[in-house]
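Numbers 766 to 1089, taken from our numbering, label the letters of the sequence shown in order.
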Amino acid sequence: MGETMEYRSFDRRKRRRKRWVQAGTGLLVLIMGTLLVRTLLNGAGSSNGAGSSNGNVGTENSTTNHTVPVITKGGSGTTAAITSNSTATAATNSTTKTTTAGTTGGTSGHSVLPSHALLSVAAQNQHPQLPNGCEVTSLSMLLTAVGHPVSKMSLAKEAPRAPVSVAWKNNASGLPQGWRYDIASWGNPNKGFVGHMTRQPGYGIYHGPLTKLLNRVLPGQAVDLTGSSLQHIFAQVAHGVPVVMWVNTTFKPLPQSDWVTWNNPGGPIKATFFEHAVLLVGYGPKQLYINNPFNGQKAQPVNRKQFVAAWKQMGSQALTVKAP
(Lines of atoms letter the chains of each structure in order from A and count residues from 1; the text may use other names and numbers.)
(Lines give C-alpha, C1' and ligand atoms only; values in the text may rest on other atoms or scores of the structure.)
Protein backbone atom coordinates (compact mmCIF):
# COMPACT_ATOMS: atom_id res chain seq x y z
CA MET A 1 0.00 0.00 0.00
CA GLY A 2 2.81 2.36 0.88
CA GLU A 3 4.63 1.58 -2.41
CA THR A 4 1.44 2.07 -4.41
CA MET A 5 0.70 5.44 -2.78
CA GLU A 6 4.34 6.51 -3.25
CA TYR A 7 4.26 5.46 -6.91
CA ARG A 8 0.98 7.31 -7.48
CA SER A 9 2.39 10.45 -5.86
CA PHE A 10 5.50 10.23 -8.03
CA ASP A 11 3.36 9.66 -11.12
CA ARG A 12 1.23 12.71 -10.34
CA ARG A 13 4.38 14.87 -9.93
CA LYS A 14 5.74 13.56 -13.22
CA ARG A 15 2.51 14.38 -15.06
CA ARG A 16 2.45 17.92 -13.56
CA ARG A 17 6.07 18.54 -14.71
CA LYS A 18 5.14 17.36 -18.19
CA ARG A 19 2.19 19.77 -18.32
CA TRP A 20 4.43 22.63 -17.11
CA VAL A 21 6.99 21.87 -19.80
CA GLN A 22 4.29 21.73 -22.47
CA ALA A 23 2.77 25.00 -21.24
CA GLY A 24 6.19 26.71 -21.17
CA THR A 25 7.02 25.46 -24.64
CA GLY A 26 3.72 26.76 -25.99
CA LEU A 27 4.24 30.17 -24.40
CA LEU A 28 7.76 30.40 -25.86
CA VAL A 29 6.47 29.51 -29.32
CA LEU A 30 3.75 32.16 -28.99
CA ILE A 31 6.28 34.87 -27.99
CA MET A 32 8.66 33.98 -30.81
CA GLY A 33 5.82 34.00 -33.29
CA THR A 34 4.68 37.42 -32.13
CA LEU A 35 8.22 38.83 -32.46
CA LEU A 36 8.58 37.34 -35.94
CA VAL A 37 5.30 38.92 -37.09
CA ARG A 38 6.34 42.34 -35.75
CA THR A 39 9.71 42.08 -37.47
CA LEU A 40 8.08 41.26 -40.78
CA LEU A 41 5.59 44.12 -40.42
CA ASN A 42 8.35 46.65 -39.58
CA GLY A 43 10.40 45.52 -42.54
CA ALA A 44 7.47 46.01 -44.88
CA GLY A 45 6.79 49.50 -43.46
CA SER A 46 10.40 50.63 -43.94
CA SER A 47 10.47 49.50 -47.54
CA ASN A 48 7.39 51.66 -48.22
CA GLY A 49 9.08 54.86 -46.92
CA ALA A 50 7.74 54.55 -43.37
CA GLY A 51 9.87 55.41 -40.37
CA SER A 52 10.98 58.90 -41.48
CA SER A 53 10.29 61.67 -38.99
CA ASN A 54 8.41 64.70 -40.45
CA GLY A 55 10.40 64.43 -43.67
CA ASN A 56 13.46 65.99 -42.03
CA VAL A 57 15.88 63.13 -42.40
CA GLY A 58 19.44 64.36 -42.88
CA THR A 59 18.94 67.93 -41.67
CA GLU A 60 21.57 69.20 -39.28
CA ASN A 61 21.31 72.46 -37.36
CA SER A 62 24.37 73.79 -35.62
CA THR A 63 25.30 77.03 -33.90
CA THR A 64 28.97 77.94 -33.97
CA ASN A 65 31.20 80.79 -32.87
CA HIS A 66 32.84 81.45 -36.22
CA THR A 67 36.32 82.93 -36.34
CA VAL A 68 37.99 83.72 -39.65
CA PRO A 69 41.57 82.43 -39.26
CA VAL A 70 44.13 84.92 -38.04
CA ILE A 71 46.25 85.96 -41.01
CA THR A 72 49.91 86.48 -40.24
CA LYS A 73 51.72 88.49 -42.87
CA GLY A 74 55.38 87.82 -43.50
CA GLY A 75 58.17 90.33 -43.26
CA SER A 76 56.69 92.91 -40.92
CA GLY A 77 54.98 90.49 -38.58
CA THR A 78 51.69 92.31 -39.07
CA THR A 79 48.65 90.26 -38.09
CA ALA A 80 45.04 90.56 -39.14
CA ALA A 81 42.31 89.04 -37.00
CA ILE A 82 38.65 88.95 -38.02
CA THR A 83 36.07 87.57 -35.63
CA SER A 84 32.31 87.31 -35.90
CA ASN A 85 29.44 85.40 -34.34
CA SER A 86 27.65 83.26 -36.89
CA THR A 87 24.87 80.67 -37.07
CA ALA A 88 25.28 78.05 -39.79
CA THR A 89 22.49 75.79 -41.07
CA ALA A 90 23.30 73.03 -43.57
CA ALA A 91 20.71 70.68 -45.11
CA THR A 92 22.30 67.52 -46.46
CA ASN A 93 19.46 66.91 -48.92
CA SER A 94 19.93 70.33 -50.55
CA THR A 95 22.74 72.02 -52.47
CA THR A 96 21.93 75.43 -50.96
CA LYS A 97 23.94 76.45 -47.91
CA THR A 98 23.11 79.59 -45.94
CA THR A 99 25.57 81.18 -43.54
CA THR A 100 24.55 84.12 -41.37
CA ALA A 101 27.24 86.32 -39.87
CA GLY A 102 25.79 89.70 -39.10
CA THR A 103 23.75 91.79 -41.52
CA THR A 104 26.35 93.27 -43.86
CA GLY A 105 25.07 91.53 -46.99
CA GLY A 106 25.46 88.55 -49.28
CA THR A 107 23.30 86.24 -51.37
CA SER A 108 22.18 82.62 -51.15
CA GLY A 109 25.03 80.26 -51.93
CA HIS A 110 27.69 82.83 -51.01
CA SER A 111 29.37 83.68 -47.73
CA VAL A 112 27.80 86.59 -45.91
CA LEU A 113 30.27 89.20 -44.68
CA PRO A 114 30.79 89.50 -40.94
CA SER A 115 29.15 92.63 -39.58
CA HIS A 116 32.48 93.77 -38.11
CA ALA A 117 36.08 93.38 -39.23
CA LEU A 118 39.27 95.01 -37.99
CA LEU A 119 42.83 94.43 -39.18
CA SER A 120 45.96 95.24 -37.23
CA VAL A 121 48.23 97.13 -39.64
CA ALA A 122 51.22 99.25 -38.63
CA ALA A 123 50.50 102.95 -39.09
CA GLN A 124 52.79 105.45 -40.85
CA ASN A 125 52.92 109.24 -40.85
CA GLN A 126 53.49 111.11 -44.10
CA HIS A 127 55.03 114.00 -42.17
CA PRO A 128 57.46 115.61 -42.07
CA GLN A 129 59.04 114.26 -45.24
CA LEU A 130 55.97 114.14 -47.49
CA PRO A 131 53.42 116.88 -46.65
CA ASN A 132 51.61 116.03 -49.91
CA GLY A 133 52.37 112.31 -49.93
CA CYS A 134 49.30 110.73 -48.32
CA GLU A 135 48.75 108.39 -51.29
CA VAL A 136 52.21 106.81 -51.35
CA THR A 137 52.24 106.60 -47.54
CA SER A 138 48.92 104.73 -47.61
CA LEU A 139 50.32 102.48 -50.33
CA SER A 140 53.39 101.79 -48.20
CA MET A 141 51.14 100.70 -45.32
CA LEU A 142 49.21 98.40 -47.68
CA LEU A 143 52.40 96.79 -48.97
CA THR A 144 53.68 96.31 -45.43
CA ALA A 145 50.40 94.66 -44.44
CA VAL A 146 50.70 92.06 -47.21
CA GLY A 147 54.30 91.21 -46.38
CA HIS A 148 56.08 93.27 -49.03
CA PRO A 149 57.28 96.41 -47.22
CA VAL A 150 58.40 99.33 -49.38
CA SER A 151 59.17 102.70 -47.79
CA LYS A 152 57.06 105.76 -48.51
CA MET A 153 60.17 107.58 -49.74
CA SER A 154 60.97 104.85 -52.27
CA LEU A 155 57.40 104.95 -53.55
CA ALA A 156 57.49 108.75 -53.70
CA LYS A 157 60.58 108.58 -55.87
CA GLU A 158 59.03 106.02 -58.24
CA ALA A 159 55.51 107.47 -58.49
CA PRO A 160 54.45 108.67 -61.97
CA ARG A 161 54.45 112.45 -62.45
CA ALA A 162 51.91 114.55 -64.33
CA PRO A 163 53.82 116.31 -67.11
CA VAL A 164 52.20 119.78 -66.90
CA SER A 165 53.80 122.46 -64.71
CA VAL A 166 51.72 124.97 -62.80
CA ALA A 167 50.80 128.34 -64.34
CA TRP A 168 49.32 131.13 -62.25
CA LYS A 169 46.50 133.49 -62.97
CA ASN A 170 47.58 137.03 -63.87
CA ASN A 171 51.01 135.60 -64.74
CA ALA A 172 52.10 135.72 -61.14
CA SER A 173 55.59 134.51 -60.31
CA GLY A 174 56.86 132.48 -57.39
CA LEU A 175 54.27 131.03 -55.03
CA PRO A 176 51.45 133.57 -54.65
CA GLN A 177 49.72 134.01 -51.33
CA GLY A 178 46.51 132.02 -51.52
CA TRP A 179 48.06 130.13 -54.43
CA ARG A 180 45.50 127.31 -54.30
CA TYR A 181 42.90 129.65 -55.76
CA ASP A 182 45.25 131.31 -58.27
CA ILE A 183 46.01 128.29 -60.48
CA ALA A 184 45.38 128.86 -64.18
CA SER A 185 46.59 125.48 -65.46
CA TRP A 186 48.27 122.44 -63.99
CA GLY A 187 48.66 118.68 -64.26
CA ASN A 188 46.11 115.87 -64.32
CA PRO A 189 46.16 113.62 -61.21
CA ASN A 190 44.77 110.81 -63.39
CA LYS A 191 48.10 110.85 -65.25
CA GLY A 192 50.49 111.13 -62.33
CA PHE A 193 51.37 113.13 -59.25
CA VAL A 194 50.57 116.81 -59.68
CA GLY A 195 53.18 119.17 -58.23
CA HIS A 196 55.59 118.27 -55.45
CA MET A 197 55.20 115.76 -52.61
CA THR A 198 57.85 117.36 -50.41
CA ARG A 199 56.89 121.04 -50.74
CA GLN A 200 54.34 123.42 -52.24
CA PRO A 201 52.80 123.69 -54.68
CA GLY A 202 51.63 120.12 -54.56
CA TYR A 203 48.35 118.31 -55.01
CA GLY A 204 48.17 114.52 -55.33
CA ILE A 205 47.80 111.40 -57.46
CA TYR A 206 44.69 109.37 -58.27
CA HIS A 207 43.94 105.66 -58.50
CA GLY A 208 45.02 105.00 -62.10
CA PRO A 209 48.71 105.93 -61.91
CA LEU A 210 49.00 104.67 -58.32
CA THR A 211 47.66 101.28 -59.45
CA LYS A 212 50.39 101.23 -62.11
CA LEU A 213 52.97 101.93 -59.42
CA LEU A 214 51.59 99.10 -57.30
CA ASN A 215 51.80 96.72 -60.26
CA ARG A 216 55.44 97.66 -60.72
CA VAL A 217 56.12 96.66 -57.13
CA LEU A 218 53.89 93.55 -57.18
CA PRO A 219 53.40 92.60 -60.84
CA GLY A 220 49.87 91.45 -61.58
CA GLN A 221 48.70 91.81 -57.97
CA ALA A 222 47.10 95.28 -58.00
CA VAL A 223 43.30 95.47 -57.89
CA ASP A 224 41.67 98.77 -58.87
CA LEU A 225 38.42 98.89 -56.89
CA THR A 226 37.35 102.31 -58.15
CA GLY A 227 33.58 102.37 -58.62
CA SER A 228 33.11 99.13 -56.68
CA SER A 229 30.37 98.60 -54.13
CA LEU A 230 31.06 98.90 -50.43
CA GLN A 231 30.35 95.17 -50.10
CA HIS A 232 33.19 94.41 -52.50
CA ILE A 233 35.57 96.69 -50.62
CA PHE A 234 34.53 95.30 -47.23
CA ALA A 235 35.04 91.78 -48.58
CA GLN A 236 38.73 92.59 -49.16
CA VAL A 237 39.09 93.71 -45.55
CA ALA A 238 37.18 90.64 -44.34
CA HIS A 239 39.74 88.50 -46.19
CA GLY A 240 42.62 90.25 -44.41
CA VAL A 241 43.63 92.81 -47.05
CA PRO A 242 43.28 96.58 -46.35
CA VAL A 243 42.20 99.04 -49.05
CA VAL A 244 43.53 102.48 -50.06
CA MET A 245 40.61 104.92 -50.42
CA TRP A 246 40.42 108.56 -51.56
CA VAL A 247 38.42 110.96 -49.38
CA ASN A 248 39.21 114.36 -47.84
CA THR A 249 40.78 115.44 -44.58
CA THR A 250 37.39 116.21 -42.99
CA PHE A 251 35.94 112.73 -43.78
CA LYS A 252 32.61 114.26 -44.79
CA PRO A 253 31.25 115.84 -47.99
CA LEU A 254 32.74 119.23 -48.89
CA PRO A 255 30.83 122.34 -49.97
CA GLN A 256 31.41 123.61 -53.51
CA SER A 257 33.41 126.52 -52.12
CA ASP A 258 36.18 124.07 -51.21
CA TRP A 259 36.67 123.03 -54.84
CA VAL A 260 38.76 124.68 -57.55
CA THR A 261 39.12 124.15 -61.29
CA TRP A 262 42.22 124.56 -63.45
CA ASN A 263 42.90 124.06 -67.12
CA ASN A 264 44.71 121.08 -68.56
CA PRO A 265 45.38 119.95 -72.16
CA GLY A 266 43.08 116.98 -71.50
CA GLY A 267 40.25 119.15 -70.19
CA PRO A 268 39.39 121.09 -67.02
CA ILE A 269 40.40 119.53 -63.70
CA LYS A 270 38.08 120.00 -60.73
CA ALA A 271 39.91 119.35 -57.48
CA THR A 272 40.00 120.11 -53.77
CA PHE A 273 43.06 120.74 -51.66
CA PHE A 274 41.38 118.82 -48.87
CA GLU A 275 42.01 115.72 -51.00
CA HIS A 276 43.32 112.85 -48.91
CA ALA A 277 44.06 109.12 -49.20
CA VAL A 278 43.86 106.70 -46.26
CA LEU A 279 44.07 102.97 -45.62
CA LEU A 280 40.79 101.25 -44.71
CA VAL A 281 41.56 98.60 -42.06
CA GLY A 282 38.12 97.87 -40.61
CA TYR A 283 34.40 98.42 -40.75
CA GLY A 284 31.29 98.18 -38.60
CA PRO A 285 27.62 99.15 -38.88
CA LYS A 286 28.19 102.80 -37.95
CA GLN A 287 31.95 103.34 -38.07
CA LEU A 288 34.88 102.63 -40.34
CA TYR A 289 38.48 102.32 -39.20
CA ILE A 290 41.38 103.86 -41.06
CA ASN A 291 45.13 104.19 -40.78
CA ASN A 292 45.45 107.94 -41.28
CA PRO A 293 48.79 109.02 -42.80
CA PHE A 294 48.10 112.67 -41.98
CA ASN A 295 48.50 112.12 -38.24
CA GLY A 296 49.92 108.58 -38.15
CA GLN A 297 46.94 107.24 -36.18
CA LYS A 298 46.22 103.52 -36.32
CA ALA A 299 42.63 102.28 -36.72
CA GLN A 300 41.17 105.78 -36.36
CA PRO A 301 37.36 105.53 -36.13
CA VAL A 302 35.34 107.69 -38.54
CA ASN A 303 31.63 108.08 -39.17
CA ARG A 304 30.71 105.50 -41.80
CA LYS A 305 27.91 107.43 -43.51
CA GLN A 306 29.88 110.67 -43.82
CA PHE A 307 33.08 108.91 -44.88
CA VAL A 308 31.29 107.03 -47.65
CA ALA A 309 29.70 110.26 -48.91
CA ALA A 310 33.14 111.92 -49.01
CA TRP A 311 34.58 108.88 -50.82
CA LYS A 312 31.86 109.06 -53.47
CA GLN A 313 32.47 112.80 -53.85
CA MET A 314 36.08 111.94 -54.75
CA GLY A 315 34.92 109.54 -57.46
CA SER A 316 34.72 106.33 -55.37
CA GLN A 317 38.44 105.69 -55.86
CA ALA A 318 40.02 102.67 -54.18
CA LEU A 319 42.75 100.11 -54.76
CA THR A 320 44.25 97.08 -53.06
CA VAL A 321 46.05 93.83 -53.84
CA LYS A 322 44.57 90.44 -54.58
CA ALA A 323 43.23 88.69 -51.51
CA PRO A 324 44.94 85.38 -50.63
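All residues carry an ideal CB built from backbone N, CA and C; glycine is no exception.
- Check the Cα spacing between methionine 906 and each of Gly967, Pro896, Arg964 and Ser885: the tightest is with Ser885.
- One thing to note: glutamine 889 has its Cβ no nearer than 9 Å to the Cβ of proline 1066.
- In the same chain as phenylalanine 1016, and ignoring 5 residues on each side of it, the C-beta atoms closer than 8 Å to its own belong to Val1067, Asn1068, Gln1071, Phe1072 and Ala1075, in chain order.
- When the beta-carbon positions are compared, leucine 1044 and isoleucine 998 stay at least 9 Å from each other.
- In this structure, the alpha-carbon of proline 1030 lies about 36 Å from that of glutamine 1001.
- For asparagine 1056, the uninterrupted beta strand (DSSP E) run begins and ends at 1052-1057, by DSSP.
- Nearest C-alpha to proline 1050 among Ile970, Lys934, Gln996 and Ala927: Gln996.
- In the structure shown, histidine 1041 falls within a strand segment according to DSSP collapsed to helix, strand and coil.
- For asparagine 980, the uninterrupted alpha helix (DSSP H) run begins and ends at 972-982, by DSSP.
- Here leucine 1053 is buried. Its C-beta has 16 or more other C-beta atoms within 10 Å.
- Each residue's CA atom was taken as its position, placing alanine 987 and asparagine 935 some 42 Å apart.
- Considered as a whole, the segment 906-978 harbours 948-950 as its complete beta strand (DSSP E) runs of no fewer than 3 residues, in chain order.
- Considering only Tyr946, Ala887, Gly943 and Ile970, the residue with the shortest C-alpha distance to asparagine 955 is Ile970.
- Contact annotation: leucine 908 and alanine 1003 have beta-carbon atoms that are not nearer than 9 Å.
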